[in-house]
Amino acid sequence: MRRKLLSLFFVFLLVLNAFPQVTPPPSISISIRPAERPEDLVATLEILLILTVLALAPSILVLFTSFTRIVVVFSFFRNALGTRQTPPNQVLIGLALFLTFLIMQPVWNDIYNNAILPYTKKEISYQEMFNRVNTRIRDFMIKELKNHRNEDNVFMLAKNSGINIQSVEEAPNSVLIPAFVLGELEIAFKMGVVLYIPFIVIDMVVASILLAMGMIMIPPVFVSLPFKVLVFVLANGWDLMVEGLIRSFSK
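The structure is reproduced here in structure tokens:
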């Protein structure tokens, strides 16, 4: 009898081992619990703020710096030249970024020496650091608006927002930033018109010659493209365009 019970017990163990046991999936839960110390909550909020700023870094670079004007002018130039995707977007954006770093270098140096460096040495608080950074960037935007006489954008936006200001310096960031971007677009469009004029003249001359020769089936763009590229290269166009962009920003 005992041998039969032992045999049944061993058979039961073999059956259990033959069929794999199903392990339940792990559960994931997110909970919000009170912080043990107030410093823990402050550190968490600071990390969240830093991550938010890093996520918005491309937008900050576009809106607060010279990048907008440069990349729009490059886009106008490529369309006027008629080379479609030459130079490619990656090249133009990369060149615009490096020119932005070059033009904004005095601003970056000032921010680093007077805001970031004192904060890393624990001489000022992070609130004071942000105030100094904000003040320096505002000075750059206000200077560009005044040099190109685009202050009307600030008053226009302030008037439509119900904000009463007497000068550009009194404008809050919610008004000054879009006014600065509008001013940059206006300047870039003016420079784009100047870039278009010589290329349009070449297109008109080539179209008139082809029409006089009776070759109306040949698109003038195909014939004028090598002449436009040749004129641009002989005139040292890249240097002239980049020099004009750099000189358009106030020192």
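First residue of the sequence shown? That's 47 in our numbering, and the numbers climb one at a time after it.
Glycine residues also receive a C-beta, built at the ideal position from the N, C-alpha and C atoms.
Identify, in the order they occur along the chain, each residue of the same chain with its Cβ nearer than 6 Å to the Cβ of residue i, setting aside the five sequence neighbours on each side.
i      : result
Leu228 : Asn199
Phe122 : Gly238 and Leu241
Val117 : Ala142
Pro164 : Ile170
Counting contacts by CB-CB distance shorter than 7 Å, is residue i in contact with chain C?
i      : result
Lys192 : In the structure shown, chain C cannot be found, because there is only a single protein chain.
Would you call the CB atoms of residue i and residue j closer than 7 Å?
i      : j      : result
Ala161 : Met150 : no
Ile233 : His194 : yes
Ser112 : Phe273 : no
Val153 : Phe186 : yes
Arg115 : Glu230 : yes
Val12  : Glu197 : Coverage of the chain is limited to positions 47 through 297, which leaves residue 12 absent and any answer about it impossible.
Val301 : Val269 : Within the shown structure, residues of the chain are numbered from 47 to 297, placing residue 301 beyond reach of any answer.
Arg130 : Asp156 : no
Val300 : Gly128 : Past the boundaries of the shown model lies residue 300; the chain is included only from 47 to 297, so the question cannot be answered.
Ala126 : Phe278 : no
Taking buried to mean at least 16 other C-beta atoms within 10 Å of its own C-beta, is residue i buried or exposed?
i      : result
Met259 : exposed
Ser220 : exposed
Leu257 : exposed
Val68  : With a pLDDT of 47 at Val68, under the threshold of 50, the modelled position of that residue is not reliable, and no figure is offered here.
Arg184 : buried
Asp249 : buried
Ile243 : exposed
Ile188 : buried
Ala142 : buried
Phe235 : exposed
Val247 : exposed
Leu94  : exposed
Glu216 : exposed
Glu169 : exposed
Glu92  : exposed
Ala101 : exposed
Asp191 : At residue 191 the sequence reads Leu, which differs from the Asp that was named. With 16 or more other Cβ atoms within 10 Å, it is buried.
Leu286 : exposed
Leu280 : exposed
Leu271 : buried
Less than 8 Å between C-beta atoms, sequence neighbours within five positions excluded: which residues of the same chain meet that for residue i?
i      : result
Ile264 : Leu256
Ile76  : Low confidence applies here, because Ile76 scores a pLDDT of 44, under 50, leaving its location unreliable; read the following figure in that light. Nothing meets the Cβ criterion.
Asn210 : Ala204
Ile292 : Leu145, Leu148 and Ile149
CB-CB under 7 Å to residue i, same chain, minus the five flanking residues each way: which ones, in chain order?
i      : result
Ser254 : none
Val108 : Thr114
What are the start and end residues of each continuous beta strand (DSSP E) run of 3 or more residues lying completely inside the stretch 222 to 265, in chain order? none
Ignoring anything shorter than 4 residues or poking outside the stretch 85 to 159, list the alpha helix (DSSP H) runs there in chain order. 103 to 110, 113 to 127, 135 to 149 and 151 to 157
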